[in-house]
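Taking it in order: structure first as structure tokens, then the write-up.
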Amino acid sequence: MCLAVPGRVVAIGERDGIPMAEVDFGGGKDVCLQYLLDTRVGEYMIVHVGFAIQRLDEQSALETLATIARMGLLAEEFDGGPGPSARDARTEGVNR
Amino acid sequence: MKYLEEFSDPELAGRLLEQIHAVTTRPWSIMEVCGGQTHSLIRHGIDQLLPAGVEMIHGPGCPVCVTPLEIIDRALEIASRPGVIFCSFGDMLRVPGSGRDLFRVKSTGADVRVVYSPLDALAIARQNPDRQVVFFGIGFETTAPANAMTVYQARRCGVRNFSLLVSHVLVPPAIAAIMESPSCRVQAFLAAGHVCSAMGTGQYPDLARRYRVPIVVTGFEPLDLLEGIRRTVMQLESGRHELDNAYPRGPCRRPGTRRPSRCCGMSSR
Numbered sequence: 009m010c011l012a013v014p015g016r017v018v019a020i021g022e023r024d025g026i027p028m029a030e031v032d033f034g035g036g037k038d039v040c041l042q043y044l045l046d047t048r049v050g051e052y053m054i055v056h057v058g059f060a061i062q063r064l065d066e067q068s069a070l071e072t073l074a075t076i077a078r079m080g081l082l083a084e085e086f087d088g089g090p091g092p093s094a095r096d097a098r099t100e101g102v103n104r
Numbered sequence: 002m003k004y005l006e007e008f009s010d011p012e013l014a015g016r017l018l019e020q021i022h023a024v025t026t027r028p029w030s031i032m033e034v035c036g037g038q039t040h041s042l043i044r045h046g047i048d049q050l051l052p053a054g055v056e057m058i059h060g061p062g063c064p065v066c067v068t069p070l071e072i073i074d075r076a077l078e079i080a081s082r083p084g085v086i087f088c089s090f091g092d093m094l095r096v097p098g099s100g101r102d103l104f105r106v107k108s109t110g111a112d113v114r115v116v117y118s119p120l121d122a123l124a125i126a127r128q129n130p131d132r133q134v135v136f137f138g139i140g141f142e143t144t145a146p147a148n149a150m151t152v153y154q155a156r157r158c159g160v161r162n163f164s165l166l167v168s169h170v171l172v173p174p175a176i177a178a179i180m181e182s183p184s185c186r187v188q189a190f191l192a193a194g195h196v197c198s199a200m201g202t203g204q205y206p207d208l209a210r211r212y213r214v215p216i217v218v219t220g221f222e223p224l225d226l227l228e229g230i231r232r233t234v235m236q237l238e239s240g241r242h243e244l245d246n247a248y249p250r251g252p253c254r255r256p257g258t259r260r261p262s263r264c265c266g267m268s269s270r
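Chains as they are written, first to last, in our numbering: chain A, 9 to 104; chain B, 2 to 270.
Below is the structure:
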């Protein structure tokens, strides 16, 4: 129950007067939208125990990825690359 | 963008690890608060790839693990009553009480059902009007709005056979208790991104100041955790102890934002 997972809103409706959405996580699931009433189809939401708790900000996500991608580039350009321990960590990666 | 694959990119993870190794000059002990963060750290091997001196201390952020024994015993007693359908998140079924757990109670004939959402328990109550349906409402701040809305929906729909055994816990008092422990080694915290989505970050600056610990709001994917750790180590290395948000794509509730109770016209009684 700990997980809050991002999913894409594919349809919006209502059940017993409560706003609901069908959200695609790679399979569909009904999600309550009571806490995010201005949700639109196509948006990504963070869903926890059947409730949308926050909208994902795509602009922030893209900026974060771009910032990370730029990390180390200047050091490689001017200093000749990462040090030995960092080089080992990069090679090993997190691709488990 | 799917928000999962991009934030597991090995090349980008490698860059973040390089940065962490480059800025670390001495040992540091960092606690990640949330069980979901612990799961992701271990699953992706991040704890093994950090500089040797950077230790991740796994925090008490799993509500399953910190639910008091007395509450478990109460749940077992309720679940054992005839006429009760006891609904719970699946990971609670193996948590032992004084002598048994919900799984054993279920195996002896009690009607214990695993649900994904409190709304599922409410649906069971509507389908079984002659039974008392009890939902085991455990969780940190993130789960409380879901339980509250389910109660509101039950009242709104006139469901009279639905109730909750509630055991909610809060993160800031847990952080304070940890820092006041005589044996505390924690020097910084990765705060749980989704808890902050629900509650905001208003209580964290005071904690950071009082205990002189950086608190960095952090997500759950590999790049989120590495960026959170990077920012935390940067603060520790420079002697700062501030609140920082390393999870901007899951925006935290800001002070003054309408509370969920106002969103649905609830009033307290």
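The beta-carbon is built from N, C-alpha and C at its ideal position, and this holds for glycine as well.
- [ ] With DSSP as the reference, label Thr39 of chain B as helix, strand or coil.
- [x] If you number the second sequence from 1, residue 39 of chain B lands on position 38. Here Thr39 of chain B sits in helix by DSSP.
**Request:** Verify whether the separation of the beta carbon atoms of Val116 of chain B and Val85 of chain B is less than 9 Å.
**Result:** Within the second sequence, residue 116 of chain B is the residue found at index 115, counting from 1. Within the second sequence, residue 85 of chain B is the residue found at index 84, counting from 1. Their beta carbons are not under 9 Å apart, which means Val116 of chain B does not touch Val85 of chain B by this criterion.
### Query
Would a check of beta-carbon distances place Glu181 of chain B closer than 9 Å to chain A?
Here residue 181 of chain B is taken as the residue at index 180 of the second sequence, counted from 1. Chain A, which has no Cβ nearer than 9 Å to the Cβ of Glu181 of chain B, makes this no.
request  = Verify the CB distance criterion: does Gly54 of chain B have a CB-CB separation below 9 Å to chain A?
outcome  = Locating residue 54 of chain B in the second sequence gives position 53, where the first residue counts as 1. With a threshold of 9 Å between beta carbons, Gly54 of chain B makes no contact with chain A.
#### Entry: Cβ of Phe87 of chain B within 9 Å of any chain A Cβ
Within the second sequence, residue 87 of chain B is the residue found at index 86, counting from 1. Answer no: the Cβ-Cβ gap between Phe87 of chain B and chain A never drops below 9 Å.
Exercise for review: Give, in chain order, every unbroken run of the alpha helix (DSSP H) that is at least 4 residues long and sits entirely within the segment 128-188 of chain B.
Suggested key: Qualifying alpha helix (DSSP H) stretches, in chain order: 145-157 and 172-180.
- [ ] With a floor of 3 residues, list each beta strand (DSSP E) that falls wholly inside the segment 201-254 of chain B, ordered by position along the chain.
- [x] Whole beta strand (DSSP E) segments, 3+ residues: 216-219 and 244-246.
Check whether the Cβ atoms of Ile26 of chain A and Leu44 of chain A lie closer than 9 Å to each other.
Residue numbering aside, residue 26 of chain A sits at position 18 when the first sequence is read from its first letter. Residue numbering aside, residue 44 of chain A sits at position 36 when the first sequence is read from its first letter. Against a cut-off of 9 Å, the Cβ pair of Leu44 of chain A and Ile26 of chain A comes out as no contact.
When DSSP labels each residue in this structure, what does Ser108 of chain B get in the three-state scheme? On the second sequence, residue 108 of chain B is found 107 positions in, with the first residue counted as 1. Correct three-state label for Ser108 of chain B: helix.
Can you find a C-beta in chain A that's less than 9 Å from the C-beta of Gln20 of chain B? The residue you call residue 20 of chain B lines up with position 19 of the second sequence. At a cut-off of 9 Å between beta carbons, Gln20 of chain B contacts chain A.
Fill in: CB contact below 9 Å: Phe90 of chain B versus chain A
Taking the second sequence and counting its residues from 1, the one referred to as residue 90 of chain B is at position 89. Residue contact check for Phe90 of chain B against chain A: a CB pair falls below 9 Å.
Anyone know if the C-beta pair for Val65 of chain B and Met93 of chain B falls short of 9 Å? Numbered from 1 along the second sequence, position 64 holds the residue referred to as residue 65 of chain B. Numbered from 1 along the second sequence, position 92 holds the residue referred to as residue 93 of chain B. Closer than 9 Å, so yes.
I'd like to know whether the C-beta of Glu71 of chain A is nearer than 9 Å to at least one C-beta of chain B. Position 63 of the first sequence, counting from 1, holds the residue named residue 71 of chain A. Interface residue, yes.
Classify Gln20 of chain B: buried if its beta carbon has 16 or more other beta carbons within 10 angstroms, exposed otherwise. The sequence position of residue 20 of chain B within the second sequence is 19, counting from 1. By the 10 Å Cβ count, Gln20 of chain B comes out buried.
Thinking just about the alpha-carbon of each residue, which of B:Gly36, B:Pro28, B:Thr26 and B:His45 is nearest to the one in Leu227 of chain B?
-> Looking up residue 227 of chain B in the second sequence gives position 226. It is B:His45 whose Cα lies nearest to the Cα of Leu227 of chain B.
Strictly under 9 Å for the Cβ-Cβ distance: is Arg35 of chain A near chain B by that measure? Against the first sequence, residue 35 of chain A aligns to sequence position 27. Per the sequence shown, residue 35 of chain A should be read as Gly rather than Arg. So no, Gly35 of chain A is outside the interface.
I'd like the ranges of any alpha helix (DSSP H) spanning at least 4 consecutive residues and lying wholly in the segment 68-124 of chain B. If one requires a minimum length of 4 residues, the alpha helix (DSSP H) runs lying completely within the segment 68-124 of chain B are 70-80 and 103-108, in chain order.
According to DSSP, is Asp32 of chain A helix, strand or coil? Counting from 1 along the first sequence, the entry for residue 32 of chain A is found at position 24. Judged by DSSP in its simplified three-state form, Asp32 of chain A adopts strand.
*Which chain A residues sit within Cβ distance under 8 Å of Glu7 of chain B?*
As a working mapping, residue 7 of chain B is identified with position 6 in the second sequence. Against chain A, a Cβ distance below 8 Å from Glu7 of chain B picks out Ala69 and Leu73.
Select from B:Ile230, B:Glu238, B:Ser239 and B:Leu237 the residue whose C-alpha is nearest the C-alpha of Ala247 of chain B. Stepping through the second sequence from its first residue, residue 247 of chain B is reached at position 246. When the alpha-carbon of Ala247 of chain B is set against those of B:Ile230, B:Glu238, B:Ser239 and B:Leu237, the nearest one is in B:Ile230.
Quiz item: If you run the structure through DSSP and keep just helix, strand and coil, what is Leu18 of chain B?
Solution: The count along the second sequence starts at 1 and reaches residue 18 of chain B at position 17. Reduced to three states, the DSSP call for Leu18 of chain B is helix.
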